[in-house]
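> Have a look at this one before I ask anything.
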Amino acid sequence: MEMPKPNSAILARKARVVERLQKVLPRDAVIHDEAETRAYECDALTAYRCPPMVAVLPTSTREVSDVLRICHEEGVPVVPRGSGTSLAGGALPTADCVILGVARMNEVLETDYDNRFIRVQTGRTNLSVTGAVEENGFFYAPDPSSQLACAIAGNIAMNSGGAHCLKYGVTTNNLMGVAMVMMDGEVVEIGGAHLDAGGLDLLGLICGSEGQLGVVTEATLRILHKPEGARPVLMGFDDNEVAGACVSDIIKAGVLPVAIEFMDRPCIEATEAFAHAGYPMCEALLIVEVEGSDAEIDAQLALIMEIARKHDPVELRESKSAEESAAIWLGRKSAFGAMGQINDYMCLDGTIPVSSLPFVLRRIGEMSKEYGLKVGNVFHAGDGNMHPLILFDANKPGDLELCEEFGAEILKLCVEAGGCLTGEHGVGIEKRDLMTVQYAPADLEAQMAVKDVFDPQWLLNPAKVFPLAVSEQRRGTAALAAE
Numbered sequence: 001m002e003m004p005k006p007n008s009a010i011l012a013r014k015a016r017v018v019e020r021l022q023k024v025l026p027r028d029a030v031i032h033d034e035a036e037t038r039a040y041e042c043d044a045l046t047a048y049r050c051p052p053m054v055a056v057l058p059t060s061t062r063e064v065s066d067v068l069r070i071c072h073e074e075g076v077p078v079v080p081r082g083s084g085t086s087l088a089g090g091a092l093p094t095a096d097c098v099i100l101g102v103a104r105m106n107e108v109l110e111t112d113y114d115n116r117f118i119r120v121q122t123g124r125t126n127l128s129v130t131g132a133v134e135e136n137g138f139f140y141a142p143d144p145s146s147q148l149a150c151a152i153a154g155n156i157a158m159n160s161g162g163a164h165c166l167k168y169g170v171t172t173n174n175l176m177g178v179a180m181v182m183m184d185g186e187v188v189e190i191g192g193a194h195l196d197a198g199g200l201d202l203l204g205l206i207c208g209s210e211g212q213l214g215v216v217t218e219a220t221l222r223i224l225h226k227p228e229g230a231r232p233v234l235m236g237f238d239d240n241e242v243a244g245a246c247v248s249d250i251i252k253a254g255v256l257p258v259a260i261e262f263m264d265r266p267c268i269e270a271t272e273a274f275a276h277a278g279y280p281m282c283e284a285l286l287i288v289e290v291e292g293s294d295a296e297i298d299a300q301l302a303l304i305m306e307i308a309r310k311h312d313p314v315e316l317r318e319s320k321s322a323e324e325s326a327a328i329w330l331g332r333k334s335a336f337g338a339m340g341q342i343n344d345y346m347c348l349d350g351t352i353p354v355s356s357l358p359f360v361l362r363r364i365g366e367m368s369k370e371y372g373l374k375v376g377n378v379f380h381a382g383d384g385n386m387h388p389l390i391l392f393d394a395n396k397p398g399d400l401e402l403c404e405e406f407g408a409e410i411l412k413l414c415v416e417a418g419g420c421l422t423g424e425h426g427v428g429i430e431k432r433d434l435m436t437v438q439y440a441p442a443d444l445e446a447q448m449a450v451k452d453v454f455d456p457q458w459l460l461n462p463a464k465v466f467p468l469a470v471s472e473q474r475r476g477t478a479a480l481a482a483e
């Protein structure tokens, strides 16, 4: 279908905005050609696309401030973008917006090993933060599966976690401070290179706010000494529920692995064909990793394997070398790419109490049969962060809509089981109309009142997080008040 052509008023507004932006940014940092803006029309939730009016690529906090000031004066919405790996549509543009990408902001600004922090521009990729300090025996703990590509900006926006979050926590547990630019261009410093800031916990508010409150341009991150060693054990089971029960028993025993990862048969088969990691062909697989000295590792693994044996595993394999450990993790880290080779899929990230794993896994299996769509489960089992991958055919009419309906039911199930809609992917557009499942009207009103304070005109990352009808009404009311 041919897209409607912009009217003269829209074209005039775009020309004026582009002209102003080109005065504060290099010309190659202002992308306004219609064909070139299509590179920013979606993020990793590719089912939804909309080219932005303009995209900009600043290189400093000062340039971000100039961009936001201009957009604020012009009443133009701004969608912050890290690396575009969001699986919830967190960086999806609107047709009248400016995409503000931080990809060119990737410098290390300060490193302090004595006080164990690093300060970086937020366009820097997750993995490259560890890359900057590993020669000195340090690392940055949060490790999303997309860590090779995802940016610290997006990690902060969505409060990302990763396989090792069970022991080290997610982004909010490793974030010490930020420099953030408000929608009117004001630059604020929140937190910093110290244990805790006084007053309100604004840093906790910013982390996970999905670009609704400001654009984070610099981050002070906690870095940690590398452990003496680490070793995983691979467990195979004939039943998903049994594997879930094993996870629950490990946690109840009081041992704290650095990671407990779960994969079911569809994921195992796809991953083995893709990465050849040597996984057993079983119904469910757990990867449990512990770290410390050799004596600590031996003691922890002995207890974990004793618990596993009570659940009659079909395979129980302790890594004996660095090569075996790498192979075990290769499969898990390749799971999403492997599944993408066999089917289109939608990846969810509801979170549940660990004790509810057996029940929720059983219900997902039952719902899969009801909807006629296969599901691959791969997730951070230790903290109940589910990642069901619903397989569908994007070229089959109605399949996407059926997949979305199924996904909504899984997320409702997570909330009913005592969990929440999202563990690390964020709400974005994917879950915005499910927010009423988890939050009462008064809860949502309190959250929107916070946005009123930080972004009175509702110009930052529009049409995200809050139910669309409610947020558009809020944005319209703000626009009228600003006239």
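Mapping the sequence shown onto the UniProt record's numbering, position 378 (from 1) lands on 378, and the numbers just tick up by one. Just so you know, even glycine gets a beta-carbon here, dropped at the ideal spot from N, CA and C. Note that the structure is predicted; figures quoted are calculated from it, not measured.
1) On the DSSP bridge list, what partners appear for Glu110?
2) Relative to the C-alpha of Gly331, which candidate in Ile268, Val288, Gly372 has its C-alpha closest?
3) Just the C-alpha distance for Tyr40 and Pro51, rounded to the nearest angstrom, thanks.
4) Whose C-alpha, out of Ser334, Lys226, Ala299, is nearest the C-alpha of His276?
5) For Phe274, I'd like the list of residues in its chain whose CB is within less than 8 Å of its CB, leaving aside the five on either flank, ordered along the chain.
6) Who are the Cβ neighbours of Met1 in its own chain at under 6 Å, not counting the five residues just before and after it?
7) Taking one C-beta from the region 129 to 147 and one from the region 179 to 199 each time, how about it: are there three or more such pairs within less than 8 Å?
8) Any chance the region 344 to 360 sits against the region 119 to 137, with 3 or more Cβ pairs inside 8 Å?
9) Tell me, please, which residues DSSP counts as bridged to Leu391.
10) When DSSP builds the beta bridges, which residues end up paired with Ala420?
11) Output yes or no for whether 8 Å exceeds the beta carbon distance between Ile206 and Ile223.
12) Tell me where the beta strand (DSSP E) around Ile99 begins and ends.
13) Taking the beta strand (DSSP E) that Met180 falls in, what are its first and last residues?
14) Return the first residue and the last residue of the alpha helix (DSSP H) that Glu306 is part of.
15) Counting beta carbon pairs with one atom in the region 354 to 365 and one in the region 407 to 427, are three or more of them shorter than 8 Å?
16) Do Pro80 and Gly211 have their C-beta atoms closer together than 8 Å?
17) What does DSSP give as the partner residue(s) for residue 487 in the beta ladder?
18) With a threshold of 8 Å on Cβ separation, who are the neighbours of Val24 within its own chain once the five nearest residues in sequence on each side are excluded?
19) Relative to the C-alpha of Arg265, which candidate in Leu92, Val378, Leu45, Thr125 has its C-alpha closest?
20) So Gly428 packs on Gly89, CB below 8 Å; how close in whole Å?
21) Taking all protein chains shown into account, do 16 or more other C-beta atoms lie within 10 angstroms of the C-beta of Pro313, making it buried, or fewer, making it exposed?
22) Nearest CA to the CA of Glu424: which residue from Leu373, Ile10, Gly208?
23) Check the C-beta distance from Arg119 over to Thr220 and give it rounded, since I have them as a contact under 8 Å.
24) Going by DSSP, name the residue or residues bridged to His72.
25) Can you tell me whether Lys464 is buried or exposed? The criterion is at least 16 other CB atoms within 10 Å of its CB, across all chains shown.
26) Taking the Cβ atom as the reference point for each residue, do Leu166 and Gly426 lie within a distance shorter than 8 Å?
27) Going by DSSP, which residues form a beta bridge with Glu218?
28) Given that a residue counts as buried once 16 or more other Cβ atoms are within 10 Å of its Cβ, and exposed if not, what is Arg27?
29) How many Å lie between Asp182 and Ile250 at the Cα?
30) Which same chain residues end up closer than 7 Å to Met3 when comparing Cβ atoms and leaving out the 5 residues on each side of it in sequence?
31) Use the C-beta contact count for Ala481: other C-beta atoms within 10 angstroms, 16 or more gives buried, fewer gives exposed.
32) Could you give the distance in angstroms between the alpha-carbon of Val255 and the alpha-carbon of Trp329?
33) Go ahead and pull the three-state DSSP assignment for Asn155.
34) Contact check, Asp399 vs Phe392 under 8 Å by CB: the rounded distance?
35) Around the C-beta of Asn174, are 16 or more other C-beta atoms found within 10 angstroms, so that it is buried, or is it exposed?
36) CA-CA distance, Ala9 and Ala478?
Working from what's here:
1) Here residue 110 is taken as the residue at index 110 of the sequence shown, counted from 1. Bridge partners of Glu110: Arg119.
2) By 1-based counting over the sequence shown, the position of residue 331 is 331. Checking every option, the nearest Cα to that of Gly331 belongs to Ile268.
3) Sequence index remark: in the sequence shown, residue 40 carries index 40 (1-based). Sequence index remark: in the sequence shown, residue 51 carries index 51 (1-based). Tyr40 and Pro51: Cα-Cα distance of roughly 6 Å.
4) The count along the sequence shown starts at 1 and reaches residue 276 at position 276. Residue Ser334 is the option with its Cα nearest to His276.
5) Locating residue 274 in the sequence shown gives position 274, where the first residue counts as 1. Once the five neighbours on either side are set aside, the close Cβ partners of Phe274 are Ser334, Gly337, Ala338, Gln341.
6) To locate residue 1, count along the sequence shown from 1; it is residue 1. Residue placement at Met1 is poorly supported in this model, since its pLDDT is 35, which falls under 50; the coordinates still yield a value, given next. Closer than 6 Å at the Cβ level, and outside the excluded window around Met1, lies no residue.
7) no
8) no
9) As a working mapping, residue 391 is identified with position 391 in the sequence shown. Bridge partners of Leu391: Tyr345.
10) Mapped onto the sequence shown, residue 420 falls at position 420. Just to set this straight, residue 420 is Cys in the shown sequence, not Ala. Beta-bridge pairing links Cys420 to Thr351.
11) Sequence index remark: in the sequence shown, residue 206 carries index 206 (1-based). Sequence index remark: in the sequence shown, residue 223 carries index 223 (1-based). Cβ distance not < 8 Å, so Ile206 and Ile223 don't count as in contact.
12) For the purposes of this step, residue 99 is identified with residue 99 of the sequence shown, where counting begins at 1. That run of the beta strand (DSSP E) goes 98 to 101.
13) By one-based count along the sequence shown, residue 180 stands at place 180. Per DSSP, Met180 belongs to the beta strand (DSSP E) from 175 to 181.
14) The residue given as residue 306 occupies position 306 in the sequence shown. Glu306 -> alpha helix (DSSP H) spans 294 to 309.
15) yes
16) Sequence index remark: in the sequence shown, residue 80 carries index 80 (1-based). Sequence index remark: in the sequence shown, residue 211 carries index 211 (1-based). Yes; because the gap between Cβ atoms is below 8 Å, this pair is in contact.
17) Outside the shown range of the chain (1 to 483) lies residue 487, about which nothing can therefore be said.
18) In the sequence shown, counting from the first residue as 1, residue 24 sits at position 24. Answer for Val24: Glu63, Asp66, Val67, Ile70, listed in chain order.
19) Residue numbering aside, residue 265 sits at position 265 when the sequence shown is read from its first letter. Arg265 has its Cα closest to that of Val378, out of Leu92, Val378, Leu45, Thr125.
20) Here residue 428 is taken as the residue at index 428 of the sequence shown, counted from 1. Here residue 89 is taken as the residue at index 89 of the sequence shown, counted from 1. Right, the Cβ-Cβ distance comes to about 4 Å (below 8 Å), so this counts as a contact.
21) Mapped onto the sequence shown, residue 313 falls at position 313. Looking at its Cβ environment, which holds 16 or more other Cβ atoms inside 10 Å, Pro313 is buried.
22) By 1-based counting over the sequence shown, the position of residue 424 is 424. Out of Leu373, Ile10, Gly208, Gly208 has the C-alpha closest to the C-alpha of Glu424.
23) Counting from 1 along the sequence shown, the entry for residue 119 is found at position 119. Counting from 1 along the sequence shown, the entry for residue 220 is found at position 220. With 8 Å as the limit, Arg119 and Thr220 qualify as a contact, their Cβ atoms being about 5 Å apart.
24) Numbered from its first residue, the sequence shown carries residue 72 at position 72. In the DSSP output, where bridge partners are listed per residue, His72 has none listed.
25) Against the sequence shown, residue 464 aligns to sequence position 464. Lys464 comes out buried.
26) Stepping through the sequence shown from its first residue, residue 166 is reached at position 166. Stepping through the sequence shown from its first residue, residue 426 is reached at position 426. Cβ distance not < 8 Å, so Leu166 and Gly426 don't count as in contact.
27) As a position in the sequence shown, residue 218 is number 218, starting the count at 1. In DSSP, Glu218 forms a bridge with Gln121, Ala179.
28) For this step, residue 27 is matched to residue 27 along the sequence shown. So Arg27 counts as exposed.
29) By 1-based counting over the sequence shown, the position of residue 182 is 182. By 1-based counting over the sequence shown, the position of residue 250 is 250. Reading off the sequence, residue 182 comes out as Met, not Asp. Cα to Cα, the separation comes out at about 45 Å.
30) Within the sequence shown, the letter at position 3 stands for residue 3. Residue placement at Met3 cannot be trusted, given a pLDDT of 42 that sits under 50; the coordinates are not used to answer.
31) Locating residue 481 in the sequence shown gives position 481, counting from the first residue. Exposed is the call here.
32) As a working note, residue 255 is residue 255 in the sequence shown. As a working note, residue 329 is residue 329 in the sequence shown. Rounded to the nearest angstrom, the two C-alpha atoms are 21 Å apart.
33) As a working note, residue 155 is residue 155 in the sequence shown. Reduced to three states, the DSSP call for Asn155 is helix.
34) Locating residue 399 in the sequence shown gives position 399, where the first residue counts as 1. Locating residue 392 in the sequence shown gives position 392, where the first residue counts as 1. Their Cβ separation, rounded to whole angstroms, is 4 Å, which keeps Asp399 and Phe392 in contact under 8 Å.
35) The residue labelled residue 174 in the question sits at position 174 within the sequence shown. Buried, by the Cβ-count rule.
36) Taking the sequence shown and counting its residues from 1, the one referred to as residue 9 is at position 9. Taking the sequence shown and counting its residues from 1, the one referred to as residue 478 is at position 478. Going by the C-alpha atoms only, they are around 21 Å apart.
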